[in-house]
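Residue numbers (our numbering), protein chains in the order written: chain S, 1 to 368; chain V, 1001 to 1368. Here the structure is laid out as structure tokens; the discussion comes afterwards.
Protein chains: 2
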Amino acid sequence: MNMQQYFMPVRVMCGERIVSDQSRAVASFGKRILLVTGRNSAKICGALQDVEQVLKNNGQIGVLFDQVMSNPTIDCVYEGARIARQEQVDAVIAIGGGSPMDAAKAIAMLAKNDLARADLFSGHYPNGALPMIHIPTTVGTGSEVTPYAILTNEEQQTKTSMSSPDLFPKLALLDAKYLEKLPARSVIYTAVDALSHSIEGMLTKKANVFTDSMAYQAISMFSETLPALETRSFSYADLERLLRASALAGMVIANTGTSVVHTMGYSFTYFKGIDHGCANGLLLGSFLELAQRQLPERVGEIVHHLRMQHAKELTACLRGLILERPSLTEEEIDFYTRQAASSKKIQNGLVAVSADDIRRMFADAAER
Amino acid sequence: MNMQQYFMPVRVMCGERIVSDQSRAVASFGKRILLVTGRNSAKICGALQDVEQVLKNNGQIGVLFDQVMSNPTIDCVYEGARIARQEQVDAVIAIGGGSPMDAAKAIAMLAKNDLARADLFSGHYPNGALPMIHIPTTVGTGSEVTPYAILTNEEQQTKTSMSSPDLFPKLALLDAKYLEKLPARSVIYTAVDALSHSIEGMLTKKANVFTDSMAYQAISMFSETLPALETRSFSYADLERLLRASALAGMVIANTGTSVVHTMGYSFTYFKGIDHGCANGLLLGSFLELAQRQLPERVGEIVHHLRMQHAKELTACLRGLILERPSLTEEEIDFYTRQAASSKKIQNGLVAVSADDIRRMFADAAER
């Protein structure tokens, strides 16, 4: 059966000063609010101050949990949930990139479910989650519109995804102002992550006309921003375009999931500490070239929306954008390949990927 | 402020046998279900039988309200709500085109709110609405993914729209099988309605990158189906494409609303009994030509996705598809023009439309 599904219940609101403009909506989330952020970024970009001002004006009480690290751990989310319960918060506001936004989802769920660690990734959360507002401050994760929370899983030696409709935020507030102090490198890596979501999403079995429409739009918007990405200098309009493209790409993977690029990238991040978007960008070009050999028509559409002629151009383009490359030993490549080849995510893809393909993509991504 | 919003919380599931495949989801809606349909179409297409079978297998009880006429009246939805209360139903399943789907929304809301007729269109429904499943059996309305219910309003001598997030169904089940017995004329008129949603939606002030992505996709899918529409003969793939395009177009107007074409079309339907999609199709070409003079770049994109060069080609194309034309007296044109020019919907548009423009579009639509 040719089943297609689309579901993305988050209310997405975008624009300058959207946080203060939506203060009444924020007020409706309850009296006591847990603010989940990383150590610095939410303050540096000004979003935390805007949220605190809104809470103050509304007579709401904010409880700050600013202990989310990059690639948040299971310990971190249990600690956040402990505070949420202790402080008896009614809702969660997440401010940041993928790490605080994903951690906030796990915290909002654990605040309502007394769950053993073994059941954390089960996707069955009988009491749902506290209502959430997500405020992204990078342009890549799309977490504000997905039902996923990706945590570092020491036991599995990789990053593992929680997935449940309960993890959708109620509201996403997108203001490009919060991106203006983001280092160019972070803009580039997160934008490449969003591109990876669009492209990988289109090449999964769950892709459909609903997700295709958003993927095409996000890819076109990435392509439109390419000159700025290449010169590493962004106007407000560029940042706004990337922020919205990132949400569109998130709406794609909310329905399609990701596949081999994300799976492989998790090894780079877990073992080599490589930034998530960078890890995907190191692999995305080779993957699209492989896909083009198997699905020339579909990849032709992707390449067309990139305003390119061939997947090889994307590889070259990403080489120009991503200047760091990991050094990998043969043993490392073997180990990562075994790990990626055994991942269920790969079966989600439309592209047949062998262990040899994975090995070659890892080798292509490495320093020569 | 450049505020943009996207919200469409319906879970959309498409595919062959989707109703029986989703029997467990149907079971979760409760014990007693009101089935809202027109007099015949839900039976002729087989959807009613499929739903009744699922209810029977699930041990659920279906209560049939098959009294919805084309362009449902306020009386009709109050009567449906009376039955919903009397039968103490837990949920509503709508099967049909726009009329049963819209009526079902009003019924589901009125079943939970003891509302005076004067407050029916207020948009404030304190107790929300019964949960709904919508099963479209035409390819135009998009009602399965919108927060609108449009009723015949005798007092205002037009059709009036109820709008509230409470009116979004929980679930939309799309199976192109239910379209196979639809007369070619109905396929064409409802497909033209969906095209009108995409085009009008793109030319409203609320249009944004999220709705644009869906509108482009829906327009491309219409264009891809044009040969079948012209020959009035549809393969299963054509019907499936139109059904999904219609949902995409519904997702557009769920966020943008419609504007002058729908407003004007309501007069044709109210006073002349012209089918809703036909009414829009009689006006859409002239409207796009007017828009092209004011917004050549944006309309250029629309025309490009239609695989056309100029809006005039759409006018010609619609003249080929829609063979009936109303005869209008000068007095009628004057009266309709005054009515349309005073509608709030017109302010929703990006295109400046004068009373003279409206008069000319009505005259262009009339029999010569």
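All C-beta atoms, glycine included, are put in the ideal place defined by N, C-alpha and C.
Local Cβ density within 10 Å of residue i, reported as buried at 16 or more and exposed below that
| i | result |
| --- | --- |
| residue 102 of chain S | buried |
| residue 1354 of chain V | exposed |
| residue 231 of chain S | exposed |
| residue 1143 of chain V | buried |
| residue 276 of chain S | buried |
| residue 1377 of chain V | With chain V covering 1001 to 1368 only, the question about residue 1377 of chain V has no answer from this structure. |
| residue 86 of chain S | exposed |
| residue 1186 of chain V | buried |
| residue 319 of chain S | exposed |
| residue 1060 of chain V | buried |
| residue 352 of chain S | exposed |
| residue 124 of chain S | exposed |
| residue 1358 of chain V | buried |
| residue 339 of chain S | buried |
| residue 1028 of chain V | exposed |
| residue 236 of chain S | exposed |
| residue 1293 of chain V | exposed |
| residue 1001 of chain V | Low confidence applies to residue 1001 of chain V: its pLDDT is 48, below 50, so where it sits in the model is not reliable, and the reading given next is rough at best. Result: exposed. |
| residue 166 of chain S | buried |
| residue 1207 of chain V | buried |
| residue 1217 of chain V | buried |
| residue 1184 of chain V | exposed |
| residue 241 of chain S | buried |
Cross-strand partners of residue i (DSSP beta bridge)
| i | result |
| --- | --- |
| residue 1349 of chain V | V:1204 |
| residue 1094 of chain V | V:1036, V:1134 |
| residue 158 of chain S | S:153 |
| residue 163 of chain S | S:148 |
| residue 1065 of chain V | V:1036 |
| residue 1270 of chain V | Partner(s): none; residue 1270 of chain V has no beta bridge. |
| residue 1278 of chain V | Residue 1278 of chain V is not bridged to any residue. |
| residue 6 of chain S | V:1012 |
| residue 258 of chain S | Answer is none; residue 258 of chain S lacks a bridge partner. |
| residue 1386 of chain V | As displayed, chain V neither begins before 1001 nor continues past 1368, which places residue 1386 of chain V out of reach and without an answer. |
| residue 172 of chain S | S:12, S:134 |
Presumed contact (8 angstroms Cβ cut-off) between residue i and residue j, rounded CB distance
| i | j | result |
| --- | --- | --- |
| residue 1162 of chain V | residue 1283 of chain V | Residue 1162 of chain V to residue 1283 of chain V, Cβ: 23 angstroms. No contact. |
| residue 1266 of chain V | residue 1159 of chain V | 4 angstroms |
| residue 1127 of chain V | residue 1099 of chain V | Residue 1127 of chain V to residue 1099 of chain V, Cβ: 25 angstroms. No contact. |
| residue 1081 of chain V | residue 1110 of chain V | 3 angstroms |
| residue 205 of chain S | residue 348 of chain S | 6 angstroms |
Distance CB(residue i)-CB(residue j) smaller than 8 angstroms
| i | j | result |
| --- | --- | --- |
| residue 174 of chain S | residue 243 of chain S | yes |
| residue 95 of chain S | residue 37 of chain S | yes |
| residue 291 of chain S | residue 195 of chain S | no |
| residue 179 of chain S | residue 239 of chain S | yes |
| residue 1364 of chain V | residue 1280 of chain V | no |
| residue 326 of chain S | residue 168 of chain S | no |
| residue 152 of chain S | residue 97 of chain S | no |
| residue 1170 of chain V | residue 1011 of chain V | yes |
| residue 345 of chain S | residue 256 of chain S | no |
| residue 307 of chain S | residue 223 of chain S | yes |
| residue 1311 of chain V | residue 1288 of chain V | yes |
| residue 3 of chain S | residue 1013 of chain V | yes |
| residue 39 of chain S | residue 66 of chain S | yes |
| residue 324 of chain S | residue 278 of chain S | yes |
| residue 172 of chain S | residue 134 of chain S | yes |
| residue 313 of chain S | residue 261 of chain S | no |
| residue 19 of chain S | residue 63 of chain S | no |
| residue 985 of chain V | residue 1045 of chain V | Residue 985 of chain V lies beyond the stretch modelled for chain V, which goes from 1001 to 1368, so this question has no answer here. |
| residue 1132 of chain V | residue 1108 of chain V | yes |
| residue 1219 of chain V | residue 1305 of chain V | yes |
| residue 233 of chain S | residue 137 of chain S | no |
| residue 1258 of chain V | residue 1286 of chain V | no |
| residue 84 of chain S | residue 139 of chain S | no |
Using 8 angstroms as the Cβ pair cut-off and three pairs as the minimum, do the stretch 1261-1276 of chain V and the stretch 1213-1221 of chain V touch?
no
Between the stretch 50-65 of chain S and the stretch 7-23 of chain S, do at least 3 Cβ pairs fall closer than 8 angstroms?
yes
Tell me whether the stretch 1086-1093 of chain V and the stretch 1116-1126 of chain V touch, counting them as touching only if at least three CB pairs, one residue from each stretch, are closer than 8 angstroms.
no
Does the stretch 1222-1235 of chain V touch the stretch 1297-1304 of chain V, meaning 3 or more C-beta pairs lie closer than 8 angstroms?
no
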